[in-house]
Each structure stands twice: as C-alpha cells, then as structure tokens.
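Residue numbers (this note's numbering): 68 to 584. Beneath this line is the structure, given in structure tokens, with notes to follow.
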Amino acid sequence: MTPTIIPLPTACRFTGAAPFKLTARTPVVTSIRHAPLRRVAAQLAGRLGLAVAGTAKGPAITLRVEPALKKSLGTEGYRLSSRAAGVTIRAGTPAGVFYGTQSLRQLLPPETEKFGVGAAVGLAVPALEITDRPRFGWRGAMLDPARRFLSVAETKRFLDAMALHKLNVMHWHLIDDQGWRLEIKKYPKLTGIGAWRAESPVYGNREVGDGTPYGGYYTQAQAREIVAYAAERFITVVPEVELPGHAAAAIAAYPELGNRDVPGFAPTVSAHWGIHTYTYAPSEEVFEFLADVLAEVVAIFPSTYVHIGGDEAVKDQWEKSALAQQVIRQQGLKDEHELQSWFIRRVEKIIAAHGRRLIGWDEIQEGGLSPTATMMVWRDWKWAEHAIAHGNDVVMSPTSHCYLNFYQVDPKGANEPEAWGGLILLEDVYQLDPMPPGLKRGQEKQVLGVQGNMWGEYIPNAANLEYMAFPRLSALAEVGWSPLVRKDWADFRARLEPLLARLELMGVNFRRPRPGE
Ligand code: ACM
Numbered sequence: 068m069t070p071t072i073i074p075l076p077t078a079c080r081f082t083g084a085a086p087f088k089l090t091a092r093t094p095v096v097t098s099i100r101h102a103p104l105r106r107v108a109a110q111l112a113g114r115l116g117l118a119v120a121g122t123a124k125g126p127a128i129t130l131r132v133e134p135a136l137k138k139s140l141g142t143e144g145y146r147l148s149s150r151a152a153g154v155t156i157r158a159g160t161p162a163g164v165f166y167g168t169q170s171l172r173q174l175l176p177p178e179t180e181k182f183g184v185g186a187a188v189g190l191a192v193p194a195l196e197i198t199d200r201p202r203f204g205w206r207g208a209m210l211d212p213a214r215r216f217l218s219v220a221e222t223k224r225f226l227d228a229m230a231l232h233k234l235n236v237m238h239w240h241l242i243d244d245q246g247w248r249l250e251i252k253k254y255p256k257l258t259g260i261g262a263w264r265a266e267s268p269v270y271g272n273r274e275v276g277d278g279t280p281y282g283g284y285y286t287q288a289q290a291r292e293i294v295a296y297a298a299e300r301f302i303t304v305v306p307e308v309e310l311p312g313h314a315a316a317a318i319a320a321y322p323e324l325g326n327r328d329v330p331g332f333a334p335t336v337s338a339h340w341g342i343h344t345y346t347y348a349p350s351e352e353v354f355e356f357l358a359d360v361l362a363e364v365v366a367i368f369p370s371t372y373v374h375i376g377g378d379e380a381v382k383d384q385w386e387k388s389a390l391a392q393q394v395i396r397q398q399g400l401k402d403e404h405e406l407q408s409w410f411i412r413r414v415e416k417i418i419a420a421h422g423r424r425l426i427g428w429d430e431i432q433e434g435g436l437s438p439t440a441t442m443m444v445w446r447d448w449k450w451a452e453h454a455i456a457h458g459n460d461v462v463m464s465p466t467s468h469c470y471l472n473f474y475q476v477d478p479k480g481a482n483e484p485e486a487w488g489g490l491i492l493l494e495d496v497y498q499l500d501p502m503p504p505g506l507k508r509g510q511e512k513q514v515l516g517v518q519g520n521m522w523g524e525y526i527p528n529a530a531n532l533e534y535m536a537f538p539r540l541s542a543l544a545e546v547g548w549s550p551l552v553r554k555d556w557a558d559f560r561a562r563l564e565p566l567l568a569r570l571e572l573m574g575v576n577f578r579r580p581r582p583g584e
C-alpha cells in the first residue's frame, strides 16, 4: 500500500498501530527561536487553523531540525513518524522539514486545504513511518510572462501549487521578443518601450492580430516579493535574461544594442509568435549593457544559477553585419556558431564575477562548450550526452515530455482550448526517466534534474495556465522526486484523485483525466 502522497516518498511503512487523532487544539510544536523553522510551522499551522507552540504536554505535530540527519537524508530529505502520541517531522534542514509538512498535508483530507481542522471530527493520520529524499535536486517549472503576463498574485498561486508538489525551481522566462518584463533601473526604456507590444495573435488564427496593445512588467520590488514568497516555500527563482537572440524587445527599446548595420534594421517589440531575427550585436557597448543588466538581476535574485537563454539565436543578422564579421575575424572564430559561444563565454565571465553560475538552453554548446556552463536540454537527447561527456551538468527538459504548452489530449473532437501543438499525455510525462541512457559510473550526478516548461503563447490567462500545468506537473514532480524503482503508473493514477480534489479546494485549475487516461 502506498500513502496518498504525490510525489511518492522513497519509503513508507504503515505500522498498523493506532492513528494520530488531530483536533483543533493540536499544537504545532517547534523551536520558536529557529526563524526558518518557525516560518514552516506557521505555514502549516495557518493552513490547518492550529497554534504554534514551543512545547506541548499532549499529542502534537512536532517539527525538528537535526543537522546530523543531513548525512542520511541530504539537504531536502525528512523523516515523518505518525503514531497516537503525535506526528514528528525531523530533517537535517528546514527545507526537509518543509517537505515533511507537504507530505503531512496530503495525509489529511483535501477539505483541510480550505477549512483547516476547524470543527472536523475524527481527523486522523494513519500510523506510519516515512523516510524520504528526492532523486534530483532540480525539480523545476518554467513560466513565460514575456509572452503572457501573469500578475504577482497569479504567480504566487502557481508557487503555492509547486510547493505542494515539492518542486523547487521556478525558472522565470522574463524576456523575449514579445516583451521585456523586469524593471531595470539603469535602462528605463526596457520596460517603458520593451514591455509593450502593439497586439498579439488571436486565438484560432495565428496570422491575425487582435489589435489590442499588450504589456506589463514586474517592478524590482514585485520581483523581490516573488523571490521572497518562493523562498518561504523553498523554491529558488532562476531568472532568465535571454540572449543573444530573442532580443527584439530590448533592441526596440535601445536600437544601438542591435546589428544596426544590416539591411532593413527596424526593430519593434514583436507582435507575432515564432523565432525572430533580432540578435544583440557582439559589440563592447552590448557587453557593458548586459553587465549592467546582470548586476541588477543578481541583486534581485539570490539564485546560484542565472539562465541566459541562448536558444534559437538566428544567425542571419550576424552573417550580414560587418561588425559581427569583423569580430569573427579578430577573435579567430570559425563562424557565427563560434561567435555565439564566444558571446556566451563573455557573459559567463560577467556572471562568474558575481559568484554565480551560467545555465543556458542546449544550443549554447554548438560553437564550443564552456567547461563550467550548465545545459538545459530541450532538443535531442544527444545534446545531453554531448554535454555530459564533456563534463558539464545538465537539466533535462526534453520537448518530447516536458513541454506543458503542448496538448494533453488529442484536440480532435475533444473541445480543448487551443494549445501550441504537439501532444504530451499525462502518462508520457509520468514515464519519463530524465537520465540519458548509457551514462558511465559517476556521470549520473551531472544530471541535476528535470523541468517542465510552460511557454506562454497560447496561454490566455492563469486559469488556462493551471489547466495546462496540472496534473502533468504532478507527474513530473514524481519523476523528479521519487525513486525510479518506485514509479508505478496505475498507483500514481489512484493517488492522483485525492490530489485533484485538493487542488480544487485550493482553487487551482486542472484538467481531470478521464478514466483510462
Ligand atoms: C525553447 O523551447 N526554445 C527552449
């Protein structure tokens, strides 16, 4: 028997003893002087309508950090013990305790999400012993406000749903051809101009514009608010500053950043989806700009990793630009692909000077691989194998399994809202093993984890975003957390029903898979 928890814990034993009975008078006991622990306790207590206390005489939910447990449980693992005398969650870190509380949440009836313990009678947690730790350290989801802006409140709601699933990275695709979404104090036109497009393609006909100006951006204060909210849920926000391609919004704001010497140069914030030709010029002025932008970005986002995009950087403009060709010659580069790698390496130096690490889409290895860059693999698995063979770390986000903007059911006759295309079933996501085949001993640790991507082009609003995300992200959470040998599709489907009831009571939208799906 498995507990009704997604992602499934590493190990769980039902002891058969008397259960723990929870009432509105059960305290959440923790070391009040330990601020992170107190915050975890307050979140749990707040949801259930309980009080936090430093000690208790009777049955209690006790949360404890015991640093020595890091040895056996790592930085995110925990032990949860439930017996008549109380529930105890112990971990080596506050993050571990937090994940223990997420499991406890799912051991209680879904109604507690909305009503807490309240006047409920007979609430009980079965007697059990859980020992749990994640398979991967990077369990991510990407949001794309560049294409479709999400309010701070909507973003927080998504973070809440991520936390329930023990997902721990929110990759924030803040910049693209269709919009620059982060306030940069030194360059106010990035949002003054770059955050606004003339219109967007209409649903149902991608060639036609809707005639409605569209835009928005996060102030630095709002971005910090999101970072703090995520951190309270042990989620790291990894910002993406997309370069050298997908840069039309920035170049529309500051044309001097573009390849001004190419014919027909007339940048605008793009009102169409797809891949566009505007790339940053490989000029000193551009590197100064990027250094300034990245200085402000790292001041907002404490994440170790800074994502620099690097995907789909069309080389047309560099092929035609006399300046780009001059840089290729001066630097002894073979072609525009090597120019891209040279460009990325310069940006990596800027990031490294701040003590941070660069992650980028897998194209950044095409013109030579920086030994310290991490790849986010989205195209062919060969790019993972290539990066790993060269000693680089990877995060797996293959289009075949991880693109949550693809249809989740065949749209023919299914009355589905318009999606990007493709088809990735819930079970497809569940069956992913992100570990590339044929790895040598020791190379597994270069696979940092897995991530689902929610590209925003055909995501009209937050309700649709949640509909596309869940429950596929629930499946991906299990891929990222649970041991491969414990994965079981039929068992997951059975555990999914109570999770969907929980999401419903949390006010999170989702698509309910039909029986047999
Ligand atoms: C991507 O989907 N262009 C990373």
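Where a beta carbon is used, it is the ideal one built from N, C-alpha and C, also for glycine. As the structure is a computational prediction, the values presented were derived from the model and not from experiment.
Query	Result
Let's test the definition: count the other Cβ atoms within 10 Å of the Cβ of L357 and tell me whether it reaches 16, buried, or not, exposed.	buried
For D429, verify whether its CB is less than 6 Å away from any heavy atom of the ligand ACM.	no
Go to F81, then tell me how far its beta strand (DSSP E) extends in each direction, as first and last residue.	A78 to F81
With a Cβ-Cβ cutoff of 7 Å, do M442 and V461 count as a contact?	yes
Near S541, which residues of its chain fall below 7 Å by C-beta distance, leaving aside the five closest residues on each side in sequence?	I73, H232, L563 and L566
Under 8 Å, with one C-beta from each stretch per pair, do the stretch 177-186 and the stretch 158-165 reach the 3-pair mark?	no
Can you check whether the CB of G547 is closer than 7 Å to the CB of V514?	no
Excluding sequence positions up to five away, which residues of its chain have a Cβ less than 7 Å from the Cβ of I367?	Q287, A290, R291 and V294
Of all the options E307, M502 and R105, which has the alpha carbon lying nearest to the alpha carbon of E299?	R105
Looking at C-alpha atoms only, which residue of H453, G271, S149 and T371 is the closest neighbour of N482?	G271
Reducing DSSP to helix, strand and coil, say where P268 ends up.	strand
For M237, count neighbouring C-beta atoms within 10 Å of its own C-beta (all shown protein chains included) and say buried if the count is 16 or more, exposed if not.	buried
Just the C-alpha distance for A544 and L111, rounded to the nearest angstrom, thanks.	21 Å
What ranges does the alpha helix (DSSP H) occupy inside the stretch 321-407, keeping only unbroken runs of at least 4 residues that lie completely in it?	351-367, 383-387 and 389-397
Helix, strand or coil for I293, going by three-state DSSP, please let me know.	helix
Could you have a look at F87 and say whether DSSP puts it in helix, strand or coil?	strand
Less than 7 Å separating the beta-carbons of L336 and A317?	Reading the sequence as shown, one finds Val at residue 336 and not Leu. The answer is no: Cβ separation not under 7 Å.
If we ignore side chains and look at the alpha-carbon of each, how far apart do G283 and D495 end up?	35 Å
Would you identify the three-state DSSP class for R150, choosing helix, strand or coil?	strand
From the DSSP output, which residues share a beta bridge with T155?	T129 and S148
Looking at chain C, is there any beta carbon in it that lies within less than 7 Å of the beta carbon of G422?	Structure shown: chain C not included; a single protein chain is present.
Can you have a look at G331 and say buried or exposed, based on whether 16 or more other CB atoms are within 10 angstroms of its CB?	exposed
What residues are listed by DSSP as bridge partners for P580?	Per DSSP, none; premise fails for P580.
Would DSSP call Y534 helix, strand or coil?	helix
How would you write the range of the beta strand (DSSP E) that D227 sits in, first residue to last?	Per DSSP, D227 belongs to no beta strand (DSSP E); it is in the alpha helix (DSSP H), V219 to L231.
Using the rule of at least 16 other Cβ atoms within 10 Å of the residue's Cβ for burial, across every protein chain shown, is R578 buried or exposed?	buried
Given this structure, state the Cα-to-Cα distance separating L257 from D378, to the nearest angstrom.	21 Å
Below 8 Å, how does it come out for the stretch 182-193 and the stretch 218-229: are there three or more Cβ pairs, yes or no?	no
Please classify Q393 as buried or exposed, where buried requires at least 16 other C-beta atoms within 10 Å of its C-beta.	exposed
What would DSSP say about L425, mapped onto helix, strand or coil?	strand
What number of angstroms, rounded off, separates the C-alpha of T260 from the C-alpha of H101?	What sits at residue 260 in the sequence shown is Ile, not Thr. About 45 Å.
Judging by CA-CA distance, which residue of K124, F301, Y285 and V132 is the nearest neighbour of R206?	F301
May I ask you to verify whether the stretch 114-126 touches the stretch 84-91, counting CB pairs closer than 8 Å and requiring at least 3?	yes
Need the endpoints of the alpha helix (DSSP H) that E309 sits in, please.	Run containing E309: none in the alpha helix (DSSP H); it sits in the beta strand (DSSP E), T303 to L310.
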